[in-house]
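Working notes, beginning with the structure itself.
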Amino acid sequence: MTEKSTNSEFWNGLSKQMFLLQYDQTSSRYQFYPRSISLFNLGQTLDWRPAAGAGRIIAFTEDRTRRSSGRVPILLVLVQLDEGPRVFAPAIGCQLADLKIGARVKFLWSETQAYPYQFELAGEDDKTSPFPI
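Here full-length UniProt numbering is used: the first residue of the sequence shown is 1, the next is one more, and so on.
Have a look at this one:
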């Protein structure tokens, strides 16, 4: 598996509104960011699986830097996905005061080039996937 093919699988998944994670078949664990080898055993027994797209906020911040997208401020969250990996992405549809450590979030597809995947707050019991697995 080359680095280019590793990244292209991830981006191809996003173009189909799917958030794909690499799964190490030997250790039975997910990893993110895409890599050509396993983080857990340096093996190459990796395949791609759709993530449920749900997790909990473990950190957040507000970025007031002006961007070409025109959105200021941008709320950024570090999410511990239910599958295990951590993902850093914008939070949409909320204010800074709404964000709490431990709050449930879910994947939200975006057609913008700048932020193709985002998260929105979800109900405490909301573990549903926004796309079929």
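Quick reminder that beta carbons are idealized off the backbone N, C-alpha and C, glycines included.
Asked, Found
"Give the single residue among P73, D82, A52 and Y30 whose Cα lies nearest to the Cα of M18.", "A52"
"If S27 sits next to F40, beta carbons under 8 Å apart, how far is it from one beta carbon to the other, in whole angstroms?", "4 Å"
"Looking at P34 and T6, is the spacing between their C-beta atoms short of 9 Å?", "yes"
"Please state whether DSSP places T45 in a helix, a strand or coil.", "coil"
"What's the gap between the Cα of Q44 and the Cα of G13?", "20 Å"
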